[in-house]
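With the numbering used here, you'll find the sequence shown wraps up at 202, consecutive numbering, no jumps.
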Amino acid sequence: MANDEASKVISIIKDMRIAMVTTHSAGRLASRPLTLIEATDEGELWFFSAADAGIVKEIRAQGLVNAAFSGSKAWVSVSGHAEVVLDVAKKKELWNAAVETFASEGPESAQSVLLRIDADSAEYWENPGGAASLMAGWVKQKLTGKPAEPGDSNSVEL
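Structure (structure tokens):
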């Protein structure tokens, strides 16, 4: 990663496990929850999927995607390009017990594929105080008329 802000984005993402991944599907957007298997310092996000899933077909047809992560104190939206990866060695490397729960046929199976998102850019929002801090900021704004200060945010090229 090129800078501290990009590293910060990856650090936030590594603490989150579920992403809503949005693809293009027949002229509309479609979002699905996927479990993050790995987020690398280079901005690669890795997920497993069934080979016959709609998301796989959509990524093969149009690789532009967005992955949105939400936690109790931080939110990240990553834009990038996705591709379907069939490499058995990489599937074995990333395979774990949680994946096996949904894909019992194993990493050698052609039915299990990897989805890799190469992040181009991201936006993040952090609020160390969480939801309580957001609510207090809203109340303060309503009482004083001064804008709330919800935390840290930035747009980052990856």
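C-beta atoms are modelled at their ideal positions from N, C-alpha and C, and glycine is treated no differently.
Label residue i either buried or exposed according to how many other C-beta atoms from any shown protein chain fall within 10 Å of its C-beta, with 16 as the threshold for buried.
{"i": "residue 130", "result": "exposed"}
{"i": "residue 146", "result": "exposed"}
{"i": "residue 176", "result": "Reliability of the predicted coordinates at residue 176 is poor, the pLDDT of 49 falling under 50, and the value obtained from them is presented with this limitation in mind. It counts as exposed."}
{"i": "residue 188", "result": "exposed"}
{"i": "residue 142", "result": "exposed"}
{"i": "residue 70", "result": "exposed"}
{"i": "residue 52", "result": "buried"}
{"i": "residue 73", "result": "exposed"}
{"i": "residue 63", "result": "buried"}
{"i": "residue 102", "result": "buried"}
{"i": "residue 158", "result": "buried"}
{"i": "residue 105", "result": "exposed"}
{"i": "residue 50", "result": "buried"}
Who does residue i pair with in a DSSP beta bridge?
{"i": "residue 1", "result": "The chain is shown from 45 up to 202; residue 1 falls before or after that span and cannot be answered."}
{"i": "residue 200", "result": "166"}
{"i": "residue 83", "result": "89"}
Would you mind reading off the limits of the beta strand (DSSP E) that contains residue i?
{"i": "residue 88", "result": "88-94"}
Determine the extent of the alpha helix (DSSP H) in which residue i is found, giving its start and end residues.
{"i": "residue 48", "result": "48-58"}
Only counting the same chain, and skipping five residues up and downstream in sequence, which positions put a Cβ closer than 7 Å to that of residue i?
{"i": "residue 124", "result": "109, 161, 162, 163 and 164"}
{"i": "residue 201", "result": "165"}
{"i": "residue 127", "result": "103, 107 and 160"}
{"i": "residue 84", "result": "none"}
Using a Cβ-Cβ cut-off of 6 Å (strictly less than) and excluding sequence neighbours within five positions of residue i, which residues of its own chain qualify?
{"i": "residue 121", "result": "112 and 167"}
{"i": "residue 136", "result": "151"}
Below 8 Å CB to CB, which residues in the same chain sit around residue i once its five sequence neighbours on both sides are set aside?
{"i": "residue 118", "result": "56, 59, 60, 168, 169, 170 and 171"}
{"i": "residue 88", "result": "82, 160, 161, 162 and 163"}
{"i": "residue 155", "result": "94, 95, 96, 147 and 149"}
{"i": "residue 99", "result": "65, 67, 74, 76, 78, 93 and 159"}
{"i": "residue 199", "result": "165, 166 and 167"}
So is the beta-carbon of residue i under 7 Å away from any non-hydrogen atom of the ligand NAP?
{"i": "residue 81", "result": "Absence of the ligand NAP is noted for the structure shown, with no ligands found whatsoever."}
Any beta strand (DSSP E) of 3 or more consecutive residues that is wholly inside the segment 100-178: 108-114, 118-129 and 156-170
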